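S.K.: Mapping of the sequence shown onto the numbering used here: residues 3 to 435, in sequence order. Note that the Cβ used here is the ideal one computed from N, Cα and C, for glycine as well. Remember, predicted model here, so these are calculated numbers, not experimental data. After the C-alpha cells below, expect a handful of questions from me.
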Amino acid sequence: MAERVIDGKDRLILPGLIDIHSHPEHEPLYRGVREEHGLRNMHMTGLYERSQAFSAPDDEARAASAEFAYCELLLSGVTTLVDISPAWDGWIDLFSRSGMRGFLAPGYASARWRLANDFDLQFDWDERRGRDGFATALALVDRVARHPSGRLSGVVSPMQVDTCTADLLRDSRDAARERGLPFTVHIAQSVNEVQEMIRRHGKTPIQWAYEIGILGPDTILGHALFLDAHSWIRWWTKSDLKLIAETGSSVAHCPTPFARYGQVMENFGDYLRAGVNMGLGTDTAPHNLVEEMRKAAVLARIAARDIETVTTSDLLNAATVGGAKALLRDDLGRIAANKKADLVLVDLTLPQMRPARDPLRSFVYHAGDRAVRDVFVDGRQVVAKGLVLTLDQTAAAERLAVAQRRMLEAAPRRDYRGRSAEQIVPLSLPLVD
Ligand SMILES: [Zn+2]
Numbered sequence: 003m004a005e006r007v008i009d010g011k012d013r014l015i016l017p018g019l020i021d022i023h024s025h026p027e028h029e030p031l032y033r034g035v036r037e038e039h040g041l042r043n044m045h046m047t048g049l050y051e052r053s054q055a056f057s058a059p060d061d062e063a064r065a066a067s068a069e070f071a072y073c074e075l076l077l078s079g080v081t082t083l084v085d086i087s088p089a090w091d092g093w094i095d096l097f098s099r100s101g102m103r104g105f106l107a108p109g110y111a112s113a114r115w116r117l118a119n120d121f122d123l124q125f126d127w128d129e130r131r132g133r134d135g136f137a138t139a140l141a142l143v144d145r146v147a148r149h150p151s152g153r154l155s156g157v158v159s160p161m162q163v164d165t166c167t168a169d170l171l172r173d174s175r176d177a178a179r180e181r182g183l184p185f186t187v188h189i190a191q192s193v194n195e196v197q198e199m200i201r202r203h204g205k206t207p208i209q210w211a212y213e214i215g216i217l218g219p220d221t222i223l224g225h226a227l228f229l230d231a232h233s234w235i236r237w238w239t240k241s242d243l244k245l246i247a248e249t250g251s252s253v254a255h256c257p258t259p260f261a262r263y264g265q266v267m268e269n270f271g272d273y274l275r276a277g278v279n280m281g282l283g284t285d286t287a288p289h290n291l292v293e294e295m296r297k298a299a300v301l302a303r304i305a306a307r308d309i310e311t312v313t314t315s316d317l318l319n320a321a322t323v324g325g326a327k328a329l330l331r332d333d334l335g336r337i338a339a340n341k342k343a344d345l346v347l348v349d350l351t352l353p354q355m356r357p358a359r360d361p362l363r364s365f366v367y368h369a370g371d372r373a374v375r376d377v378f379v380d381g382r383q384v385v386a387k388g389l390v391l392t393l394d395q396t397a398a399a400e401r402l403a404v405a406q407r408r409m410l411e412a413a414p415r416r417d418y419r420g421r422s423a424e425q426i427v428p429l430s431l432p433l434v435d
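In C-alpha cells form, the structure reads like this:
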C-alpha cells in the first residue's frame, strides 16, 4: 500500500544512479587545483606529485569535503556510492546522515608513493602499516554492516595494485569473500604503474593480478584503463581485456580525471563487447555521474572512431545495473517489484530537457544534473525540488574553502622541491598587483 502518490506528469523516472568509485574525503579540496595539473615526464599524470604535495590536512577538512561531495552526488541523482577513503572519525555518522546508500571502502596500502624528481616514481614500503590499515578497515567494514539504517555496507579496498604486497592483496580478497563483500583496487591507472609492474614481475598489472588470484566476479577494478593493447602502452601481449572478462571482474570507469590528463579508455565499447561488466564512478570532483555518462559516451566514440561503439542505453546500464552487479546487489539499479525504492525524478519542463522526444538523451547530453528534481533512497526523500534535505552544502562549502587554504599552505613542507602551491599549480589567469 502506497503511503504517498507522486504525480509523474512531466517527469522522467530513473533508477537511482550507482557510483562505484569515488574519494569524497579529499577531491572537493582540489577544486581549482588539479584540473590542469599533470607531469609531462610522467605520461601526463599528476597523481603522484599531487598526492605528495596536497591531501586532506585533517578530519575537519575531510568532513567538509565529504559533506560537500555527498550533496553534489545526491544532486546528480546518485543514490548508491562506493566511498574509497582512509578511515576517518565521523565518516560513518556523516554518511548515514546523507541518506545515501553507502558502500564504505576504507583504503590501506603497504607502500607510499614518493617523488624525488618529476620522472621517477619511488615506493616507501612499510608492510606493518599496510597490515594495521587492513585490520582497521575490516573493523570498520564489520561495524557498518551492523549499522541500524540498513543502508550501509562495506567494500574491502587495498588502495593500489602497485602499493600492496601480493600477500596483502590475497588476504584482502579472502576477507571480502568470507564476508560476501566486493573487493576493489586501483589498477592500470597510469603508464608509470604499468611500467613498474612489468619491471617487477615481467607482467602487466592485470596479468599479475590474475596470477595472484585477485580477479573475479566480486572484484571491481578501479580504472583498468591502461591495458596491454592501449596505444600509450603497446605491450606485446594482448590478453588484459580477455582476463578481465573471463574472470567476471567489473571495471569502474571514471573518464573525467583521465580526460583532463589527455588520456582515454580504448575503448568502452570494446570492453562491453569483450563481456566485461562496466560500472561508472566519479573518482575526482565534480561528483557528477551524469557528466561521466556523457563523457564516457563521447570519449568512447573518439577512441573507437566509431559512433556505434556505445549507445546512451549502454551508459545508463553502466550507471545502474552494471554498478549493482559489481556490488553483488541485484536488488539495486532497477525499477521493479522487490527492488529497492531508489529513484530519481527528472524535470521534463526544464528548457534544457525540451523537446523531450527522447528524455534520456535530453538528460545525458543537454540538461545533465540540472534536471534532477527529486531523489529517493529506500523510499525516503533526500532531494526535493533540487535541494538536498539531509545535509548543508552551503555551510560545508564555507568550511571547505578554509580547509583548502590549510592544505595549500602545507604544500612547501610536502612537495619534493619545497614549492608553494602557487608554484606547483599556477592560477589559470595571473593576478595583477
Ligand atoms: Zn580512485
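Do G224 and ligand 1 come close, with the Cβ less than 6 Å from some heavy atom?
M.R.: Yes, the beta carbon of G224 sits closer than 6 Å to at least one heavy atom of ligand 1.
S.K.: Can you name, in chain order, every residue of its own chain whose Cβ lies under 7 Å from the Cβ of V196, other than the five neighbours on each side?
M.R.: Correct list, in chain order: A190, T206, P207, F228 and I235.
S.K.: Counting pairs of beta carbons, one from the stretch 120-134 and one from the stretch 163-181, are three or more of them closer than 8 Å?
M.R.: Result yes; three or more Cβ-Cβ pairs closer than 8 Å.
S.K.: Three or more C-beta pairs under 8 Å: does that hold for the stretch 296-303 against the stretch 84-92?
M.R.: Judged by Cβ distances under 8 Å, the stretch 296-303 makes no contact with the stretch 84-92, as fewer than three pairs qualify.
S.K.: Using the DSSP secondary-structure output, state which residues sit across from S159 in a beta bridge.
M.R.: DSSP, once it has assigned bridges, lists G109 as partnering S159.
S.K.: Suppose the cutoff is 6 Å on Cβ atoms and the five residues either side in sequence are ignored; what does the same chain contact list for A254 look like?
M.R.: Cβ neighbours of A254 beyond the five flanking positions: I22, H23, I222, G224, G281 and G283.
S.K.: Look at the alpha carbon of S422 and the alpha carbon of Q395, and state the distance between them as a whole number of angstroms.
M.R.: Going by the C-alpha atoms only, they are around 29 Å apart.
S.K.: Taking DSSP as the reference, what is the three-state secondary structure of M267?
M.R.: M267: coil per DSSP, three-state reduction.
S.K.: Excluding sequence positions up to five away, which residues of its chain have a Cβ less than 6 Å from the Cβ of L317?
M.R.: Result list for L317: M295, A298 and A299, in chain order.
S.K.: Have a look at the DSSP bridge pairing and note the partners of S78.
M.R.: Beta-bridge pairing links S78 to no other residue.
S.K.: Counting Cβ pairs, one atom from each stretch, are 3 or more of them under 8 Å apart for the stretch 16-35 and the stretch 71-82?
M.R.: The answer is yes - the stretch 71-82 touches the stretch 16-35, with three or more Cβ pairs under 8 Å.
S.K.: Which runs of the alpha helix (DSSP H), 4 residues or longer, sit entirely within the stretch 274-345?
M.R.: As far as the stretch 274-345 is concerned, its whole alpha helix (DSSP H) runs of at least 4 residues are 291-306, 314-319 and 325-328.
S.K.: Mapping DSSP to helix, strand and coil, what is T165?
M.R.: Three-state DSSP puts T165 in coil, outside helix and strand.
S.K.: Is there at least one non-hydrogen atom of ligand 1 closer than 6 Å to the beta-carbon of D9?
M.R.: No; taking the cut-off as 6 Å, the Cβ of D9 has no heavy atom of ligand 1 nearer than that.
S.K.: Can you name the start and end residues of the alpha helix (DSSP H) that D242 belongs to?
M.R.: Looking at the DSSP string, the run of the alpha helix (DSSP H) that includes D242 is D242 to E248.
S.K.: Would the stretch 395-409 count as touching the stretch 101-118 if we require 3 or more Cβ pairs under 8 Å?
M.R.: Short answer: they don't touch.
S.K.: For D285, verify whether its CB is less than 6 Å away from any heavy atom of ligand 1.
M.R.: Under cutoff, so the answer is yes.
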